[in-house]
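Asks:
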Amino acid sequence: MAGVLPLDLRREEMAIRDIARLNSYSTKIPIRNKIDEWKNKETVDKFISPLGLMLQQAKNMREETDISVDDIEPEYQFQGLQASKSPPEYWLSPSTVVAFTDGSCQSNPGPCGAGAIVIFNNKEIELKQPVSKRGSILLAELVAIKLVLDYVSRIENKTLIEEVKIFSDSQSAIGILTLNWKIENHRSTSHEIISLIKSIQKHHGIKINFDWTPGHADVRGNEIADKLTKEAA
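Taking full-length UniProt numbering, I'd label the letters of the sequence shown as residues 1 to 233.
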């Protein structure tokens, strides 16, 4: 009623978020090596220990959604001092639009908003929009993705764009839009987004790819999108 997940689902969400964060650590950090060793263990405690359960939940997510924490880019250290993430190639490409999206509800259902940050042509564009006075988090997540696609549609010279990479922390939204998950709710919005994706790809030859990012894990783009969506809700 209050939009709070059951305790078991909250634990699972936190476990996946934590294992995603730990998996991104540099291999020079001991706990990252411990995780790699744990994956190859054959003892019973591999599955009943807290770390073993976290790894099992991440494995289940990969099998059910095709989203893997192993795809998260590892950190590196400069002369053993400060850990940071090296910018992947698409961040440096002038032909790639990178976007982070998020949705938020004050209660579920309740007042909700959508937010996104778009990085393109050395500029950061912040987008936000109130969604509904009585909506769901999934609806807000979907509308946030649509904000990005609408923005791309308004770019005048689309010949400069080869790819759009959209990072969302909503597995449900990604599953509906890319994995043909059954659409239980918000069919109109979902079909509108799918049609928009197909139109951009067909008429402009732009690849649109979705990637999962852990929420509330100090990922800058996700944190900015989260701030925007709360402002809009």
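Note that the Cβ used here is the ideal one computed from N, Cα and C, for glycine as well.
Could you name the residues that DSSP lists as bridge partners for serine 104?
Replies: By 1-based counting over the sequence shown, the position of residue 104 is 104. Partner(s): Gly113.
Asks: Using 10 angstroms around the beta-carbon of leucine 81, count the other beta-carbons present and answer buried if the total reaches 16, otherwise exposed.
Replies: As a position in the sequence shown, residue 81 is number 81, starting the count at 1. Only weak support is given to the placement of leucine 81: the predicted model assigns it a pLDDT of 41, under 50, and the value that follows is read from those uncertain coordinates. By the 10 Å Cβ count, leucine 81 comes out exposed.
Asks: Thinking C-beta only, is alanine 225 closer than 8 Å to alanine 116?
Replies: Counting from 1 along the sequence shown, the entry for residue 116 is found at position 116. Counting from 1 along the sequence shown, the entry for residue 225 is found at position 225. Yes. Within cutoff.
Asks: Can you give the Cα-Cα distance for phenylalanine 100 and leucine 149, rounded to whole angstroms?
Replies: By one-based count along the sequence shown, residue 100 stands at place 100. By one-based count along the sequence shown, residue 149 stands at place 149. Approximately 12 Å between the Cα atoms of the pair.
Asks: Does the Cβ of methionine 61 have 16 or more other Cβ atoms within 10 Å, making it buried, or fewer, making it exposed?
Replies: Sequence index remark: in the sequence shown, residue 61 carries index 61 (1-based). Buried, since its Cβ has 16 or more Cβ neighbours within 10 Å.
Asks: Just tell me which of Glu231, Glu156, Asp102 has its CA closest to the CA of glycine 215.
Replies: By one-based count along the sequence shown, residue 215 stands at place 215. It is Asp102.
Asks: Could you tell me if lysine 165 is buried or exposed, where buried requires 16 or more neighbouring beta carbons within 10 angstroms of its beta carbon?
Replies: Along the sequence shown, one-based indexing puts residue 165 at 165. Buried.
Asks: Report buried or exposed for serine 136, applying the criterion of at least 16 other Cβ atoms within 10 angstroms of its Cβ.
Replies: Here residue 136 corresponds to residue number 136 of the sequence shown, with the count starting at 1. When all chains shown are included, serine 136 counts as buried.
Asks: Is the beta carbon of serine 95 closer than 8 Å to that of glutamate 192?
Replies: Here residue 192 is taken as the residue at index 192 of the sequence shown, counted from 1. Here residue 95 is taken as the residue at index 95 of the sequence shown, counted from 1. The answer is no: Cβ separation not under 8 Å.
Asks: Take valine 98 as the anchor and find which of Lys59, Ile208, Asn108 has the nearest alpha-carbon.
Replies: Mapped onto the sequence shown, residue 98 falls at position 98. Nearest C-alpha to valine 98: Ile208.
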